[in-house]
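What follows is one structure encoded as structure tokens, with my remarks underneath.
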Amino acid sequence: MTRLEDAELALELEAWAVGMVFHRESPRHCEIDDAFEIATLVKRKAESVGVFYNATLDSVARIADLVGLTLIQLHGDEGPDYCSEISRRTGCGVIKAARVKSPADVLDLRIYPTAYHLLDTHVPEMPGGTGESFPWEFAGTHQGPVPFILAGGLRADNVIDAIGAAHPFAVDVASGTEAAPGIKDPVRMRDFADAVRSTDPFVPEEEVFDGGLDGPPLEVDEAAAAPEEAS
């Protein structure tokens, strides 16, 4: 998420989390000043998620402090020790992402005792926001007590099936609610939120994201949304 108006709509849709990408090579990169405004807007209403890819500990800690992040999503090759240290230094919960191409990639997350895990699609040279899905049944190999967020090519027309197949804590949506990279489409956001909420009868008692949550939670934009999809 890069625009204040998109964050305002995410709150209206009761997103659990709003995600901001801090990776210069991403078309969804959010500038620090814009991220601060978004985090200030959603404070105490939704989680502010910073998305990073193989960044240094110092840079993540600095941005978390400047922006006021509450969760840090790691999409690179960060190991368990890195995750523990960044949580200690920032006081933020950590979402460790796996780029899934086989069930083994999901199983590998069991060594990460982070606040959340996130399952995204593996696409070479692309750390996230690919718009592509992986076989949702792979989520069945997830082990342990850490709740997982489902990402990867989710849209209003497939998120109901995805939730039914994977039973995530939350869903994360980026390209599926965009008009262009980093620019949200209000109609797509509303449609996605409605679809997530419609799953309430068969989803465990969780919440919703756009970067967010209420079905599973909904996280919007590179962050997680409990089936709101919310990054």
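The opening position of the sequence shown corresponds to residue 45 in the numbering used here, with each subsequent residue numbered one higher. Glycine residues also receive a C-beta, built at the ideal position from the N, C-alpha and C atoms.
Quiz item: What residue does the beta strand (DSSP E) around Ser242 start on, and which one ends it?
Solution: Against the sequence shown, residue 242 aligns to sequence position 198. Taken as a continuous stretch (DSSP letters only), Ser242 belongs to no beta strand (DSSP E), as it is neither H nor E.
Quiz prompt | Stretch pair the stretch 176-192 + the stretch 225-240: three plus CB contacts closer than 8 Å | solution = no
Quiz prompt | Entirely enclosed beta strand (DSSP E) segments - the stretch 182-229, minimum 3 residues | solution = 192-194, 214-217, 222-224
Self-check item: First and last residue of the uninterrupted alpha helix (DSSP H) at Thr84
Solution: Sequence index remark: in the sequence shown, residue 84 carries index 40 (1-based). Residues 76-86.
Quiz item: Among residues of its own chain, excluding the 5 on either side of Ala51, which ones have a beta-carbon nearer than 7 Å to its beta-carbon?
Solution: Your numbering for residue 51 matches position 7 in the sequence shown. Once the five neighbours on either side are set aside, the close Cβ partners of Ala51 are Met45, Val62, Ile82, Leu85, Val86.
Exercise. Please report how far the alpha carbon of Leu55 lies from the alpha carbon of Arg106, in whole angstroms.
Key: Numbered from its first residue, the sequence shown carries residue 55 at position 11. Numbered from its first residue, the sequence shown carries residue 106 at position 62. Going by the C-alpha atoms only, they are around 26 Å apart.
Quiz prompt | Distance between Ser128 and Ile76 (C-alpha atoms, nearest Å) | solution = Within the sequence shown, numbered from 1, the residue matching residue 76 stands at position 32. Within the sequence shown, numbered from 1, the residue matching residue 128 stands at position 84. For Ile76 and Ser128, the distance between alpha carbons rounds to 24 Å.
Practice problem: Would you kindly work out how many angstroms separate the C-alpha atoms of Phe253 and Ala99, rounded to a whole number? | Solution: Residue numbering aside, residue 253 sits at position 209 when the sequence shown is read from its first letter. Residue numbering aside, residue 99 sits at position 55 when the sequence shown is read from its first letter. Because the pLDDT of Phe253 is 42, which lies under 50, any placement of that residue in the model is unreliable, and the question is left without a value.
Quiz item: Can you tell me whether DSSP reads Met45 as helix, strand or coil?
Solution: Here the question's residue 45 lines up with position 1 in the sequence shown. Coil, per DSSP.
Quiz item: Based on the DSSP secondary-structure assignment, which residues constitute the bridge partners of Glu91?
Solution: As a working mapping, residue 91 is identified with position 47 in the sequence shown. In DSSP, Glu91 forms a bridge with Ala61.
Exercise. Taking only the alpha-carbon atoms, compute the straight-line gap between Leu53 and Phe80 and give it to the nearest angstrom.
Key: Counting from one through the sequence shown, the residue named residue 53 turns up at place 9. Counting from one through the sequence shown, the residue named residue 80 turns up at place 36. Answer to the nearest angstrom: the Cα atoms are 17 Å apart.
Self-check item: Endpoints, the beta strand (DSSP E) within which Thr165 is located
Solution: For this step, residue 165 is matched to residue 121 along the sequence shown. 160-165 is the span of the beta strand (DSSP E), which, as asked, contains Thr165.
Practice problem: Rank Asp78, Met233, Ile207 by C-alpha distance to the C-alpha of Gly184 and give the top, closest one. | Solution: As a first step, residue 184 is located in the sequence shown; it is residue number 140 there, counting from the start. For Gly184, the nearest C-alpha among the options comes from Ile207.
Quiz item: Start and end of the alpha helix (DSSP H) containing Val101?
Solution: Taking the sequence shown and counting its residues from 1, the one referred to as residue 101 is at position 57. Checking the sequence shown, residue 101 turns out to be Leu, not Val. First-last of the alpha helix (DSSP H) with Leu101: 101-111.
Exercise. From the DSSP output, read off the bridge partner residues of His73.
Key: Taking the first residue of the sequence shown as 1, we reach residue 73 at position 29. Answer is Val65.
Quiz prompt | DSSP state of Phe178 mapped onto helix, strand, coil | solution = For this step, residue 178 is matched to residue 134 along the sequence shown. Reduced to three states, the DSSP call for Phe178 is coil.
Quiz item: Name the DSSP beta bridge partners of Leu153, please?
Solution: Here residue 153 is taken as the residue at index 109 of the sequence shown, counted from 1. According to DSSP, Leu153 bridges with nothing at all.
Practice problem: Evaluate Ile155 with the Cβ neighbour count: other Cβ atoms within 10 Å of its Cβ, from every protein chain shown; 16 or more gives buried, anything less gives exposed. | Solution: Numbered from 1 along the sequence shown, position 111 holds the residue referred to as residue 155. So Ile155 ends up on the exposed side.
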